[in-house]
Amino acid sequence: MRKKKYSLISIIGSVLKYFFLTALGVWMLLPFFWMISASLMTPTEIISKPPPLLPANPQWENYIKIAQVIPLGRAYLNSIAVTLLTVLGILFTSSITGFAFAKYQFPGRDVLFTLILSTMMIPFFVILIPVFYIVKQLGWINNLMGLVLPGIVSAYGIFMMRQFILGIPDEFLDAARIDGASEFRIYWQIILPLTGPALATLGVFNMVGIWNAFLWPLLVLQTKDLYTVPLALNSLRTYGMESQVLNLQMAGTFLGTIPALIAFVILQRYFTRGIVLSGLKG
Amino acid sequence: MAITANPYARSGQTPGRTRRRLNHKTLWAFIFITPAVVFLLGLSVLPILFSGWVSLSSWDMITPIPKMKWVGLDNFAYLINRDAVFQAALRNTFVFAGVGVIINTALGLAGALLLNSKIRSRTFWRTIYFLPIVTAPLALGMMWSYLLSKNYGLVNNLLGIFGIPPQPFMASPDTALGTIIFIAIYQSVGYYIIVFLAGLQGIPTEYYDAAAVDGANPRQSFWYITMPLLRPVMLFLIVTNTIGALQVFDIVFAMTDNTNWSGGGPANSTVTVVLHTYMTAFKFFKMGRASAMAMVLFGIIMVITLIQLKLLQKRD
Chain A
1 MRKKKYSLIS IIGSVLKYFF LTALGVWMLL PFFWMISASL MTPTEIISKP
51 PPLLPANPQW ENYIKIAQVI PLGRAYLNSI AVTLLTVLGI LFTSSITGFA
101 FAKYQFPGRD VLFTLILSTM MIPFFVILIP VFYIVKQLGW INNLMGLVLP
151 GIVSAYGIFM MRQFILGIPD EFLDAARIDG ASEFRIYWQI ILPLTGPALA
201 TLGVFNMVGI WNAFLWPLLV LQTKDLYTVP LALNSLRTYG MESQVLNLQM
251 AGTFLGTIPA LIAFVILQRY FTRGIVLSGL KG
Chain B
1 MAITANPYAR SGQTPGRTRR RLNHKTLWAF IFITPAVVFL LGLSVLPILF
51 SGWVSLSSWD MITPIPKMKW VGLDNFAYLI NRDAVFQAAL RNTFVFAGVG
101 VIINTALGLA GALLLNSKIR SRTFWRTIYF LPIVTAPLAL GMMWSYLLSK
151 NYGLVNNLLG IFGIPPQPFM ASPDTALGTI IFIAIYQSVG YYIIVFLAGL
201 QGIPTEYYDA AAVDGANPRQ SFWYITMPLL RPVMLFLIVT NTIGALQVFD
251 IVFAMTDNTN WSGGGPANST VTVVLHTYMT AFKFFKMGRA SAMAMVLFGI
301 IMVITLIQLK LLQKRD
């Protein structure tokens, strides 16, 4: 009797459990589904009441039309270049600086490290105006270098790489020194290969934020040929919110989100690990 | 064995050679850290000091720095006494951050607890909940603008089927901020779920087994094992996300009509501090006022950070 009651409760429990998970999942996915569906509709379909779930005749030419209106191909290339250069910059500066703080004794080391950590508390927004001024003085306004430069050093990246490199035994380095390796070669041929997984995590973790960045590119870039993907999407908005172009807008928005979604599904493992690492350090 | 051989190799060196070796290593260490340190000094430390100075000056960014006019606390006085938009922005930003973070924490914890229980295809669910996080906030904003638009929006179309009159969502000052909060929750609840889930998986199962042996029911295990051990993770989530939410810009920008200069929804109902700062600095070129706003928000964020450090220390 009692056993039966328990199993009934557990059945109800797991039904509720899957109901909640499904509801949450539907909430997450439905907007994407609607966006894709609307991107293939005709302007009449998109505003008809009740709205069709799927377009009667998928209007694939919407995608061709939108590609002619905004230079998305160019925006992909710009975004890829900016993201790649910034991530490479972060990986290099984080690993070499983290290495020095983990494996060398030098005067002022702890003070400098504390200073680096404390810069993590400065939100980028607070230094927006001075950094903009500096980039302007360097002549990098409306230049992709103006997007790359402020992002190539990450205080968190230095911290993370230092923690990781602390776990590499000193014996590896000493053995290399006996063999006559220079300090830079130790970094390049011993430290870098051993930090591979940490570098992958750090890189992928930063990639998404750089790809999706909006406020800074909005300030720095002025001409359409330099627009990154979020800026190209933004130029879609000025193109109008009328029902006539809603389908094109949704087509453009979907095209703009695809690369990040694909990259995420492939690199999910590293991205999740990066999130978890940053979340559990506290 | 290299490991045992090393000390002998080292002790064979003359003291002089050891010292030179150390100096040489110190030199390399400095070479290694120089780029990052110079960069952080130049593009983080110096700018924050400069921001502080600009907040006490009147500047349009075109005037050369030596000719910048010192105005003392005038900018702050202006924000407090005359800038109604800033006050609305401050209020909106607090409501946005407070309400959003509270709901997300509750929803995220619930989701993580379910994913941590016996469940099929955990990775599948996790991937789905994560999609909004990797999507550009701007794209999410545009997607939702369409879905929630008053006249053509799909949500209103669907409500119409059930005889519910069209809701204004972003078009009314009463519902605009709530709508933005709803989208922010949509955007980041997956992040909370992932971090909470990692925290839950870090709790040794022996604790629960021991409690069960002592006759604890699931509710007791939750309140006396899960919650205390999850506290650091929860504190981290709340603090970092509050700090992040206080700087909200992208989704607000994407969902409001920026062709009017104030930029913040009907009757300033969704203007936020960063949005107002952006407009003041880069549309009106009032760098002094904008820097003063940035300093106010920075002060608030510093207080929250210090509270976090204090709370974490108390635990140890």
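Chains as they are written, first to last, in this note's numbering: chain A, 1 to 282; chain B, 1 to 316. Using N, Cα and C, we set each Cβ at its ideal position, and we do this for glycine too. Keep in mind it's a predicted model, so treat the numbers as computed, not measured.
For residue i, count neighbouring C-beta atoms within 10 Å of its own C-beta (all shown protein chains included) and say buried if the count is 16 or more, exposed if not.
{"i": "Leu306 of chain B", "result": "exposed"}
{"i": "Ile258 of chain A", "result": "exposed"}
{"i": "Trp216 of chain A", "result": "buried"}
{"i": "Met1 of chain A", "result": "Reliability fails at Met1 of chain A, whose pLDDT of 43 lies under 50, so the model's placement of it is uncertain and no value is given."}
{"i": "Gln187 of chain B", "result": "buried"}
{"i": "Trp70 of chain B", "result": "exposed"}
{"i": "Lys286 of chain B", "result": "buried"}
{"i": "Trp223 of chain B", "result": "exposed"}
{"i": "Ile65 of chain B", "result": "exposed"}
Output needed for residue i: all residues of its chain with C-beta closer than 7 Å, excluding positions within five of it in sequence on either side, in chain order.
{"i": "Gln247 of chain B", "result": "Val274"}
{"i": "Met295 of chain B", "result": "Ser51, Gly52 and Ser55"}
{"i": "Val95 of chain B", "result": "Leu177"}
{"i": "Arg74 of chain A", "result": "Asp225"}
{"i": "Met120 of chain A", "result": "Ala155 and Tyr156"}
{"i": "Ala81 of chain A", "result": "Leu144"}
Grab me the residues of residue i's own chain with a C-beta within less than 6 Å of its C-beta, minus the 5 sequence neighbours each way, in chain order.
{"i": "Gly256 of chain A", "result": "Val229 and Leu233"}
{"i": "Val189 of chain B", "result": "Asn104, Leu107 and Gly108"}
{"i": "Tyr191 of chain B", "result": "Ile133"}
{"i": "Ala89 of chain B", "result": "Val271, Thr272, Val273 and His276"}
{"i": "Ile168 of chain A", "result": "Leu194"}
{"i": "Gly141 of chain B", "result": "Ile251, Ala254 and Met255"}
{"i": "Leu267 of chain A", "result": "Val204"}
{"i": "Ile36 of chain A", "result": "Phe254"}
{"i": "Asn241 of chain B", "result": "Val101"}
Can you give me the C-alpha to C-alpha distance between residue i and residue j, rounded to a whole angstrom?
{"i": "Pro35 of chain B", "j": "Ile96 of chain A", "result": "10 Å"}
{"i": "Phe132 of chain A", "j": "Thr226 of chain B", "result": "46 Å"}
{"i": "Glu368 of chain A", "j": "Leu194 of chain A", "result": "The structure shown has nothing for residue 368 of chain A, since chain A only spans 1 to 282."}
{"i": "Ser269 of chain B", "j": "Asn247 of chain A", "result": "28 Å"}
{"i": "Trp261 of chain B", "j": "Trp34 of chain A", "result": "The predicted position of Trp261 of chain B is uncertain, since its pLDDT is 48 and thus under 50; no value can be drawn from it."}
{"i": "Leu166 of chain A", "j": "Ala102 of chain A", "result": "5 Å"}
{"i": "Ala38 of chain A", "j": "Phe298 of chain B", "result": "41 Å"}
{"i": "Val135 of chain A", "j": "Phe124 of chain A", "result": "14 Å"}
{"i": "Asn142 of chain A", "j": "Leu219 of chain A", "result": "9 Å"}
{"i": "Trp60 of chain A", "j": "Leu277 of chain A", "result": "42 Å"}
{"i": "Ile300 of chain B", "j": "Ile127 of chain A", "result": "15 Å"}
{"i": "Arg269 of chain A", "j": "Phe164 of chain A", "result": "18 Å"}
{"i": "Ile183 of chain B", "j": "Phe99 of chain A", "result": "41 Å"}
{"i": "Met28 of chain A", "j": "Gly111 of chain B", "result": "13 Å"}
{"i": "Leu230 of chain B", "j": "Tyr152 of chain B", "result": "44 Å"}
{"i": "Met250 of chain A", "j": "Phe282 of chain B", "result": "29 Å"}
{"i": "Asn62 of chain A", "j": "Pro232 of chain B", "result": "49 Å"}
{"i": "Ile12 of chain A", "j": "Leu24 of chain A", "result": "18 Å"}
{"i": "Trp140 of chain A", "j": "Leu85 of chain A", "result": "15 Å"}
{"i": "Asn217 of chain B", "j": "Ser10 of chain A", "result": "15 Å"}
{"i": "Ala29 of chain B", "j": "Thr63 of chain B", "result": "41 Å"}
{"i": "Phe106 of chain A", "j": "Thr26 of chain B", "result": "5 Å"}
{"i": "Ile64 of chain A", "j": "Ile262 of chain A", "result": "21 Å"}
{"i": "Trp59 of chain B", "j": "Met68 of chain B", "result": "6 Å"}
{"i": "Ser152 of chain A", "j": "Tyr129 of chain B", "result": "Sequence inspection shows Ile at residue 152 of chain A; the Ser mentioned does not correspond to that position. Roughly 30 Å between the two C-alpha positions."}
From the DSSP secondary-structure annotation, give me the bridge partner or partners of residue i.
{"i": "Lys69 of chain B", "result": "B:Ser58"}
Using a Cβ-Cβ cutoff of less than 8 Å, which residues in the same chain neighbour residue i once the five nearest sequence positions on both sides are dropped?
{"i": "Thr83 of chain A", "result": "Met207, Ile210 and Trp211"}
{"i": "Ser235 of chain A", "result": "Ile70, Lys224 and Tyr227"}
{"i": "Asn116 of chain B", "result": "Leu197, Leu200 and Gln201"}
{"i": "Leu235 of chain B", "result": "Gln308, Leu311 and Leu312"}
{"i": "Ile185 of chain B", "result": "Gly100, Ile103, Asn104 and Leu107"}
Mind checking whether the beta-carbon of residue i lies closer than 8 Å to any heavy atom of the ligand FAD?
{"i": "Phe169 of chain B", "result": "Questions concerning the ligand FAD fall outside what the structure shown contains, since it holds no ligand whatsoever."}
Residues, ordered as in the chain, of the stretch 31-51 of chain B that lie near chain A by beta-carbon distance below 7 Å: For the stretch 31-51 of chain B, the beta-carbon criterion of a distance under 7 Å to any beta-carbon of chain A is satisfied by Phe32, Ile33, Pro35, Ala36, Val37, Phe39, Leu40, Leu43, Ser44, Val45, Pro47, Ile48, Phe50 and Ser51.
Under 8 Å (Cβ pairs) to chain A, residues found in the stretch 188-203 of chain B: Val189, Gly190, Tyr191, Ile194, Val195, Ala198, Gly199 and Gly202
Contact list for the stretch 21-35 of chain A against chain B, Cβ threshold 8 Å: Leu21, Leu24, Gly25, Trp27, Met28, Leu29, Pro31, Phe32, Trp34 and Met35
Contacting positions in the stretch 246-274 of chain A - beta carbon closer than 8 Å to chain B: Leu246, Gln249, Met250, Thr253, Gly256, Thr257, Ala260, Leu261, Ala263, Phe264, Val265, Gln268, Phe271 and Thr272
Contact set between the stretch 69-102 of chain B and chain A, restricted to residues whose Cβ is under 9 Å from the partner: none
Interface residues of the stretch 158-170 of chain A facing chain B [CB-CB below 7 Å]: For the stretch 158-170 of chain A, the beta-carbon criterion of a distance under 7 Å to any beta-carbon of chain B is satisfied by Ile158.
The stretch 204-226 of chain A: positions lying closer than 9 Å to chain B by Cβ: Val208, Trp211, Asn212, Ala213, Phe214, Leu215, Leu218 and Leu219
The stretch 228-240 of chain A: positions lying closer than 9 Å to chain B by Cβ: Val229, Pro230, Leu231, Leu233, Asn234, Leu236, Arg237 and Thr238
Cβ-based contacts, 8 Å cut-off: residues of the stretch 151-175 of chain B near chain A: Asn151, Tyr152, Leu154, Asn157, Leu158, Gly160 and Ile161
The stretch 215-231 of chain B: positions lying closer than 8 Å to chain D by Cβ: Protein chains A and B are contained in the structure displayed, whereas chain D is not.
Short-range partners of chain A found in the stretch 288-308 of chain B, where Cβ spacing is below 9 Å: Ala290, Ser291, Ala294, Met295, Leu297, Phe298, Ile301, Met302, Thr305 and Gln308
Against chain A: residues of the stretch 52-64 of chain B by CB proximity under 7 Å: Val54 and Met61
Residues, ordered as in the chain, of the stretch 112-130 of chain A that lie near chain B by beta-carbon distance below 8 Å: Leu112, Leu115, Ile116, Thr119, Met121, Ile122, Pro123, Phe125, Val126, Ile127, Leu128, Ile129 and Pro130
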